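The sequence shown: position 192 = 192 (my numbering), numbered continuously. Take a look at the structure below.
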Amino acid sequence: MEPWRLLDLEVTYDAAKNLAIDEAILQARIEKSVPPTLRFWRNDRAVIIGRSQKVCAEVNLETCIKERIQVVKRFSGGGAVYQDLGNLNYTIVLDGDDCLIRGIDIAGSYRVLCSGLIRGLSILGLSPVTLIPPGNVFVGGRKISGSAQLRRRGVVLHHGTLLVSSDLNMLMRVLAVYDEGMGFKSTSVCSPVTRIIDELNRDMEISEVKGALIKGFREELRVRLEPGGLTDLEKEIASKIYRDKYLYPKIDV
């Protein structure tokens, strides 16, 4: 099996730039210029909505403007999420005919690609950890992680977010789905949430979480992870995507 590249580099905390990097990795893999990749990244305070969602139905814009919270529409599906530096995001980019997911349906691919995360949470001591299809991970009945996928020209991008120590009060303020008084009909599914620090009742460094997840992905996916960096091609593609798509976004409100 081809070795995977491990990108454990926090080159930016800007949500739009991070999404542009994700898409650049996807494009580079389509061009066969980079290996399958596992990436970890974080965003400063931001609300990220799915590609088919409308801002007014998902986001309390007044609060976001007041609190200077970035609002970004991603290129994959799924629901709205609030992120800050207490969230850890991960991205997997691999071919659709990779032996890990070859011949299985989309739900099955979520199950396989989320297995490393689930194993990592178990390593940290969280239990019980369950997958609610297609890509939501729950601990003791509360959601701790969600994920989404994009498939393009034979390559799969799977990315997800994990609540480590995120500000849940701000989450409830900025996501319209939690605001009963606003009258919004959100397309996001509201689930009770939890964080790693709540489940373990102790502070948790992001580095400790990443270490457990790396171990989990290695064990469950049986891949060899080799630390690396972004290529010049990926940086160039990411810069262009950021300029064209995110610098002056046309978001459907």
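Just so it is clear, CB atoms sit at the ideal spot from N, CA and C, and this is done for glycine as well. Everything numeric in this text was worked out from a predicted model, so none of it was measured.
With a cut-off of 8 Å on the beta carbons, I'd call residue i and residue j a contact; round off their distance for me.
{"i": "Ile101", "j": "Val164", "result": "That belief does not hold up - the Cβ atoms of Ile101 and Val164 are roughly 27 Å apart, past 8 Å."}
{"i": "Pro134", "j": "Ile106", "result": "7 Å"}
{"i": "Leu167", "j": "Asp84", "result": "It should be pointed out that residue 167 corresponds to Asp in this sequence rather than to Leu. Right, their Cβ atoms sit about 6 Å apart."}
{"i": "Leu26", "j": "Arg152", "result": "6 Å"}
{"i": "Leu117", "j": "Leu171", "result": "Contact doesn't hold; Cβ gap of about 20 Å is too wide."}
{"i": "Pro3", "j": "Glu226", "result": "5 Å"}
Taking C-beta to C-beta, are residue i and residue j nearer than 8 Å?
{"i": "Val193", "j": "Ile144", "result": "yes"}
{"i": "Ser33", "j": "Arg51", "result": "no"}
{"i": "Val72", "j": "Leu150", "result": "no"}
{"i": "Arg39", "j": "Tyr90", "result": "yes"}
{"i": "Ile48", "j": "Val55", "result": "no"}
{"i": "Leu61", "j": "Gly120", "result": "no"}
{"i": "Ala238", "j": "Ile21", "result": "yes"}
{"i": "Val59", "j": "Val129", "result": "no"}
Do you know offhand how far residue i's Cα is from residue j's?
{"i": "Leu233", "j": "Asn201", "result": "43 Å"}
{"i": "Leu124", "j": "Glu199", "result": "10 Å"}
{"i": "Ser191", "j": "Ser115", "result": "21 Å"}
{"i": "Cys99", "j": "Tyr13", "result": "33 Å"}
{"i": "Ala46", "j": "Asp244", "result": "20 Å"}
{"i": "Gly160", "j": "Ala148", "result": "6 Å"}
{"i": "Ile132", "j": "Gly140", "result": "12 Å"}
{"i": "Tyr248", "j": "Gln70", "result": "13 Å"}
Where do the ends of the alpha helix (DSSP H) carrying residue i lie?
{"i": "Ala212", "result": "Ile206 to Leu221"}
{"i": "Arg29", "result": "Ala15 to Ile30"}
{"i": "Ser147", "result": "Here Ser147 belongs to no alpha helix (DSSP H); instead the beta strand (DSSP E) covers Arg142 to Arg152."}
{"i": "Leu5", "result": "Per the sequence presented here, residue 5 reads as Arg, with Leu not at that position. No alpha helix (DSSP H) contains Arg5, which is instead part of the beta strand (DSSP E) from Trp4 to Leu7."}
{"i": "Arg173", "result": "Leu168 to Val174"}
Is it buried or exposed for residue i, if we count other Cβ within 10 angstroms and need 16 for buried?
{"i": "Arg42", "result": "buried"}
{"i": "Arg68", "result": "exposed"}
{"i": "Glu23", "result": "buried"}
{"i": "Gly108", "result": "exposed"}
{"i": "Lys17", "result": "buried"}
{"i": "Glu208", "result": "exposed"}
{"i": "Glu31", "result": "exposed"}
{"i": "Gly229", "result": "exposed"}
{"i": "Asn136", "result": "buried"}
With respect to the beta strand (DSSP E) encompassing residue i, which residues constitute its N-terminal and C-terminal limits?
{"i": "Val112", "result": "Counting along the chain, Val112 falls outside any beta strand (DSSP E), though it belongs to the alpha helix (DSSP H) covering Ile106 to Leu124."}
{"i": "Asp198", "result": "Taken as a continuous stretch (DSSP letters only), Asp198 belongs to no beta strand (DSSP E), being part of the alpha helix (DSSP H) at Ile196 to Leu200."}
{"i": "Val156", "result": "Val155 to Leu163"}
{"i": "Glu226", "result": "Leu225 to Pro227"}
Is residue i near the ligand NAP, in the sense that its beta carbon is under 7 Å from a heavy atom of that ligand?
{"i": "Asp95", "result": "Inclusion of the ligand NAP in the displayed structure is not the case, the ligand content being empty and no account of it being possible."}
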